[in-house]
Every structure is written in structure tokens, then in C-alpha cells.
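Student: First, the structure itself, so that you have it in front of you.
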Amino acid sequence: MFMQKRLMILFALCYVIASHGAATFAPLLPVDSLLLTTTAATLLDTTIINKPGTYYLYVDLDGPLVINAPQVIINLSGNTINGGVTLTESASAVAIYNGLINGAGAVGITVLEGVKNILFSQILLRDCSTGIQANGTLASPIRKISLEQVEVQGAANDGANLSYCQELFVADSTFYSNGNYGLYVQNCNRGLVESCSFIDNIASGLAVDATNNIKLVANSSSSNGDYGYFFSSTAQAIAAYNCDASNNTLSGFLTQGQISMIECQANNNTSDGFTVQTIQTSLLQSCQANNNTLCGFNDLSSLNVSYISNIAHANGNDYCVLGAPVAPLVVAPYYYASIAAGAAGVSSWTNVQV
Numbered sequence: 017m018f019m020q021k022r023l024m025i026l027f028a029l030c031y032v033i034a035s036h037g038a039a040t041f042a043p044l045l046p047v048d049s050l051l052l053t054t055t056a057a058t059l060l061d062t063t064i065i066n067k068p069g070t071y072y073l074y075v076d077l078d079g080p081l082v083i084n085a086p087q088v089i090i091n092l093s094g095n096t097i098n099g100g101v102t103l104t105e106s107a108s109a110v111a112i113y114n115g116l117i118n119g120a121g122a123v124g125i126t127v128l129e130g131v132k133n134i135l136f137s138q139i140l141l142r143d144c145s146t147g148i149q150a151n152g153t154l155a156s157p158i159r160k161i162s163l164e165q166v167e168v169q170g171a172a173n174d175g176a177n178l179s180y181c182q183e184l185f186v187a188d189s190t191f192y193s194n195g196n197y198g199l200y201v202q203n204c205n206r207g208l209v210e211s212c213s214f215i216d217n218i219a220s221g222l223a224v225d226a227t228n229n230i231k232l233v234a235n236s237s238s239s240n241g242d243y244g245y246f247f248s249s250t251a252q253a254i255a256a257y258n259c260d261a262s263n264n265t266l267s268g269f270l271t272q273g274q275i276s277m278i279e280c281q282a283n284n285n286t287s288d289g290f291t292v293q294t295i296q297t298s299l300l301q302s303c304q305a306n307n308n309t310l311c312g313f314n315d316l317s318s319l320n321v322s323y324i325s326n327i328a329h330a331n332g333n334d335y336c337v338l339g340a341p342v343a344p345l346v347v348a349p350y351y352y353a354s355i356a357a358g359a360a361g362v363s364s365w366t367n368v369q370v
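Every position in the sequence shown, counted from 1, becomes a number in this note's numbering once 16 is added.
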């Protein structure tokens, strides 16, 4: 499942995130921050990097590897670092790409607080306690961290655990068969998660907690032990576009925070397709729920939530309030133009059953 899509052009790397109204990000690794002290790549033959430069790996390295300098680029050349990698507080403007990292039971990649301008690309992580652990603090957050074409398989805990991060970018990555969450994001702000897969994780595929201004675009979350996507009550200004949740043990989507979901799909989940339990202004528009065991759309005491042009089909009950089915207002094509008394918190309800 490890993806080899395209060669990264590291010296001119810049992500401009503009789709679906996302804010434009500053260059992740600006050119002037990558002016190196060496003109040629250096053979990586040490487990501690204390000098800026470009390094390449020509055989497997028994680590753990510690990066203790800024402006470091490492081309793994398809080889493996055993024992994991740690980026210290001095390791800003670092890129690692094109190979494997074996955690040997420890964390695969550790990023310490205050680090900024980090790229991990085309990396497969195996045998880790946590695949990637990037934990900043309120006073010293991690800024501009990017995961592209990263795959974490079989971590004992989370596939990736990111906290107190700013300007997060995760794209074309897979979090598979991990022992807790596939991807856990906490106390972060401003970011994009796009075209990622969360598969067969013990807990939820993607969990977002105490985080704001995150956009999710074209992600897929399937066969997870809890929810496909979980958004806690402290998740704010989350926008999900064309995200899919299928065959999860609980609901495809559970939201307790502030969220907009546009053109998302929830199919064949053991509980609800969409479980909405929030007191914050939220929107579900043009979403579909099919073949879920309980409710397609289940509004649990929500306030200020609008349901617009959603479609439900072949669920245990297509539309529910407090778990109870909502009867259609008229006969075929079964327009759900209003809801039963007692659900006054729902702002708007214009949905369809097919």
C-alpha cells in the first residue's frame, strides 16, 4: 500500500491550499530556509546529525537517529532507519523522504516542541508504538508540519498523534491497522487533511479534539473499531467535503462540535451513518446515508443544526431525532420537509428519502 507517486522537488517546495475556501498557507519549506552549508549530499553514516546539510542513506541504518540541527534534508534512498527518528528543538526546516522507518517498538518519528517547517514524504512506518508523534505546547507549538504520501501500518497506539500544531498539512497518506486512532489531532489550528485513508484502526479512523479551522477533503475512513470520524465538543470550525465513512463498528461520523459537512457519504456502518450531537451552529448539506444499521441521520438533542438536501436510503430508519424515526410529511418521493414536535433545536430540515 506504500505509494510512490512523484519525486518531491524539495528546494522549491510550497503548498498553496486554496480549494474549498481554505486559507492560503505560507510556503512550508521556503527556499531561503533551505540554503545549505554543503553543495553536495553527504553520506549519512552517523546516528546524530549536528550540522545542516543534505544527507542520503545508501544502506540501512541502525538508529535511533537524532536530528539536532536546522536545514537538514535526508533522502533515505529506499532504505530503512531502524529504531526511529527524533527531531530536537533545534531541528527546524527538515525534510525526510523516500524510504522506511522501523520503530523497533518505539515511536517511529518524534518531533519535539517548537520545531517548524517539517516535511515527511514517501515514508512507510512499521513496528512503532506510535507512528508519528509531534507534540508541541501552548507556549511552543509546532508550526508548518506536512505529511505527504506517508503510510503508518500496525502501530501499537496511534498511527499519528499531533498536538499543539499550527498550519498542518496531511495528504495522500494511509493510516492502517493501528492500535488506537489512525490520526489524532488535538489543540491544533489551521490545516488541511486531504485524500487520506483511515482503515481498520482499533479506535476511530480520524479523531479531532480541541482543534479549529481544519478542512477535510476527499478522505475515506472504513472498517474502524469505533467511528469513522470523531469530532469532540471542543472541535471548532471544522469543514468536511466529500468525505466517506463505511463499514465502521459505530457511526460513520460522530460530531459534538461545530462542523459543516458537504457532500459526505456514510454507508454500511453498524450504528448510524451520521450521529449529530452538538449545541453549536452546524450544517449537513447534500450528504448521503445508505444501508446503515440504525439511523441514516440521527439528531441527538442538537441545537442550531441545519439539514439541507440530504438523502437517506435503506437504513434501519432513514431520519431520526433522539433515535426515534421521523415520519415523512407526504408520500413519495418522501420529502422530509419538517420534523416532529420536540426537536425545536433543529434549525432547518429539508431532506429526501429515495
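In this text, a Cβ means the ideal position worked out from N, Cα and C, and glycines have one as well.
#1: If you drop the 5 nearest sequence neighbours on each side, which residues of the same chain put their C-beta closer than 6 Å to that of ASN173?
#2: Over what stretch of residues does the beta strand (DSSP E) that includes ASN114 continue unbroken?
#3: At which residue ranges does the region 62-115 contain complete beta strand (DSSP E) runs of 3 or more residues, listed in the order of the chain?
#4: Just tell me which of ILE139, VAL209, ALA109 and PRO68 has its CA closest to the CA of SER93.
#5: Would you say SER220 and ASN203 are within 8 Å of each other, going by their C-beta atoms?
#6: Could you tell me the alpha carbon to alpha carbon distance between ASN263 and GLY244, rounded to whole angstroms?
#7: For a quick check, are the C-beta atoms of GLU183 and SER156 less than 8 Å apart?
#8: Which word fits VAL321, buried or exposed, when buried means at least 16 other C-beta atoms lie within 10 angstroms of its C-beta?
#9: Can you give the Cα-Cα distance for VAL372 and THR104, rounded to whole angstroms?
#10: Which residue wins for smallest C-alpha separation from TYR180, given the options SER162, ALA187, THR96 and ASN205?
#11: So the candidates are ALA187, LEU316 and SER211; which of them puts its Cα closest to the Cα of LEU135?
#12: Identify, in the order they occur along the chain, each residue of the same chain with its Cβ nearer than 6 Å to the Cβ of LEU73, setting aside the five sequence neighbours on each side.
#13: Among the residues of its own chain, which have a CB less than 7 Å from the CB of ALA305, if the five just before and after it don't count?
#14: For LYS21, collect the residues of the same chain with a Cβ closer than 7 Å to its Cβ; drop the 5 residues on either side in sequence, then sort them by chain order.
#15: I'd like the span of the beta strand (DSSP E) that includes TYR192, first residue to last.
#16: Below 8 Å CB to CB, which residues in the same chain sit around ASN284 once its five sequence neighbours on both sides are set aside?
#17: Assign ILE215 to buried or exposed, taking buried as 16 or more other Cβ atoms, counted over all protein chains shown, within 10 Å of its Cβ.
#18: Tell me GLN252's beta-bridge partners as DSSP assigns them.
#19: Determine the closest residue to ASP225 out of SER237, ILE89 and SER249, with distance taken between C-alpha atoms.
#20: Kindly give me the distance between the Cβ atoms of TYR4 and ASN235, rounded to whole angstroms, as I take these residues to be in contact under 8 Å.
#21: Considering only residues of the region 147-222, which uninterrupted beta strand (DSSP E) runs meet the minimum length of 3 residues and lie entirely inside it, listed in chain order?
Tutor: Looking at the coordinates:
#1: One-based indexing of the sequence shown puts residue 173 at position 157. So the list reads SER145, THR146, GLY195 and ASN196, once near-sequence residues are dropped.
#2: Within the sequence shown, numbered from 1, the residue matching residue 114 stands at position 98. Note, ASN114: beta strand (DSSP E), 110-118.
#3: 69-72, 81-83, 88-91, 96-98 and 101-103
#4: Counting from 1 along the sequence shown, the entry for residue 93 is found at position 77. Nearest option by C-alpha distance: ILE139.
#5: Reading the sequence shown from its first residue, position 204 is the one you call residue 220. Reading the sequence shown from its first residue, position 187 is the one you call residue 203. The answer is no: Cβ separation not under 8 Å.
#6: As a first step, residue 263 is located in the sequence shown; it is residue number 247 there, counting from the start. As a first step, residue 244 is located in the sequence shown; it is residue number 228 there, counting from the start. Straight-line Cα distance between these residues: approximately 8 Å.
#7: Indexing the sequence shown from 1 puts residue 183 at position 167. Indexing the sequence shown from 1 puts residue 156 at position 140. No, they are not a contact pair.
#8: Locating residue 321 in the sequence shown gives position 305, counting from the first residue. Buried, since its Cβ has 16 or more Cβ neighbours within 10 Å.
#9: It is not possible to answer for residue 372, since the shown part of the chain is limited to 17 through 370.
#10: In the sequence shown, the residue the question calls residue 180 occupies position 164. When each option's Cα is compared against that of TYR180, the closest is ASN205.
#11: Locating residue 135 in the sequence shown gives position 119, where the first residue counts as 1. Residue ALA187 is the option with its Cα nearest to LEU135.
#12: The residue labelled residue 73 in the question sits at position 57 within the sequence shown. Answer for LEU73: LEU60, LEU92, SER93 and ASN95, listed in chain order.
#13: On the sequence shown, position 289 is the one that residue 305 refers to. For ALA305, where only same-chain residues beyond five positions count, the Cβ hits under 7 Å are ALA282, GLY289, PHE290, GLY312, PHE313, ALA328 and ASN331.
#14: Position 5 of the sequence shown, counting from 1, holds the residue named residue 21. Unreliable placement is indicated for LYS21, whose pLDDT of 35 sits below 50; no coordinate value is reported for it.
#15: Indexing the sequence shown from 1 puts residue 192 at position 176. From DSSP, the beta strand (DSSP E) with TYR192 extends over 190-192.
#16: In the sequence shown, counting from the first residue as 1, residue 284 sits at position 268. Apart from sequence neighbours up to five positions away, the residues of its chain that approach ASN284 with a beta-carbon distance below 8 Å are SER262, ASN263, ASN306, ASN307 and ASN308, ordered along the chain.
#17: The residue labelled residue 215 in the question sits at position 199 within the sequence shown. Buried, by the Cβ-count rule.
#18: Taking the first residue of the sequence shown as position 1, residue 252 is located at position 236. GLN252 pairs with ASN228.
#19: Taking the first residue of the sequence shown as 1, we reach residue 225 at position 209. Checking every option, the nearest Cα to that of ASP225 belongs to SER249.
#20: Since the first and last residues shown for the chain are 17 and 370, residue 4 lies out of range.
#21: 148-151, 158-169, 176-179, 181-187, 190-192, 199-202, 205-210 and 213-215
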